[in-house]
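For the sequence shown, our numbering gives the first residue as 855, with consecutive numbering after it. Positions of the beta carbon are idealized from the N, C-alpha and C atoms, including for glycine.
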Amino acid sequence: MFRYYVDLFNIDFFLFLAFAGAVTAALLLGIAFHEFCHAFTSSQLGDQTARNLGRVTLNPLAHLDPFGTLLLFFAGFGWGKPVPVNAYALRNGPRTGMAVVAAAGPVSNLGVAAVMALPIRLGWTPWHNPFVINAFAVESWSANDYFGLFLSASVFINSTLAVFNLLPIAPLDGFKVWVGLLPMELARPIARLERYGILILLGFFFLGPAVGINVFSEVVRPIVDTVSDSLTGV
């Protein structure tokens, strides 16, 4: 990601500003709103743990993890502070309640992506693929093109946060969603894998490519492209 910032800066300073601004918006709106929705949903379902800890707030400082934030800026992936939830205090029960709380995060990212996509869908500003920039075409760009790039990158990043978080691997939200939705006879053995989730996740993303398995390019990216295209209408 850092190298891409440098490449954009070398092509055009305003390209760099538009893309860096989109990443910042993903931090403030994507991750912070994502964690807020976890906290708000758990509070609405009866568990006040997050509220008592000051997490039912739209203040990004309450939700951003310093290291996770730096990684999102410079590596292209990151995370916020996990929202503590007492599953047994949720009125829907621990399995269903946790599934609803977990799903609130990715759904919020889809909502942010949809709002960002609206001006593109209505034809008010153009779509520009944030990772395929024609250096020669930029010479004829207007301010609206840069704004279109900002919105396009924001749609892509928030769609990525939604799709990535729905992967059925702990500690991602998708793990709790699937454990809550699947029949108990299937959910129980999957739930036992939670303690190994971070190792499985790291294995997929760091060891997987070495043996020809790239979860991001083969699973996440195609779904993200479909979601982004559907939201923007391109």
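Residue 1013 holds the alpha-carbon nearest to the alpha-carbon of residue 1078 among 1031, 1013 and 1084. With 16 or more other Cβ atoms inside 10 Å of its own Cβ, residue 933 counts as buried. A straight-line Cα-Cα distance of about 42 angstroms links residue 1056 and residue 994.
C-alpha of residue 1072 to C-alpha of residue 858: approximately 21 angstroms in a straight line.
Here DSSP, grouped into helix, strand and coil, assigns residue 934 to strand. One thing to note: residue 1007 has its Cβ no nearer than 8 angstroms to the Cβ of residue 886. Residue 918 has 934 as its beta-bridge partners, per DSSP. Contact between residue 911 and residue 890 holds: their C-beta atoms lie close to 7 angstroms from each other, under 8 angstroms. For the options 874, 879, 916 and 878, the alpha carbon positioned closest to that of residue 893 is the one of 916. Non-local beta-carbon contacts of residue 918 in its own chain, meaning distances under 8 angstroms to residues more than five positions away in sequence, involve 881, 885, 886, 934 and 935 in chain order.
Comparing alpha-carbon positions, the option among 1041, 1029 and 914 lying closest to residue 1052 turns out to be 1029.
By the CB criterion at 8 angstroms, residue 973 and residue 1005 fall inside the cutoff. In this structure, residue 946 sits away from residue 901, with a CB-CB distance that is not shorter than 8 angstroms. Of all alpha-carbon atoms in 1019, 920 and 1025, the one lying nearest the alpha-carbon of residue 1070 is that of 1019. Counting the other Cβ atoms within 10 Å of the Cβ of residue 1084 gives fewer than 16, which makes it exposed. Short of 6 angstroms from the beta carbon of residue 937, and not among the five residues preceding or following it, lie these beta carbons of its own chain, in chain order: 889, 892, 893, 904 and 909. Taking C-beta atoms under 8 angstroms as the contact rule, residue 862 and residue 873 qualify, at a distance of about 6 angstroms.
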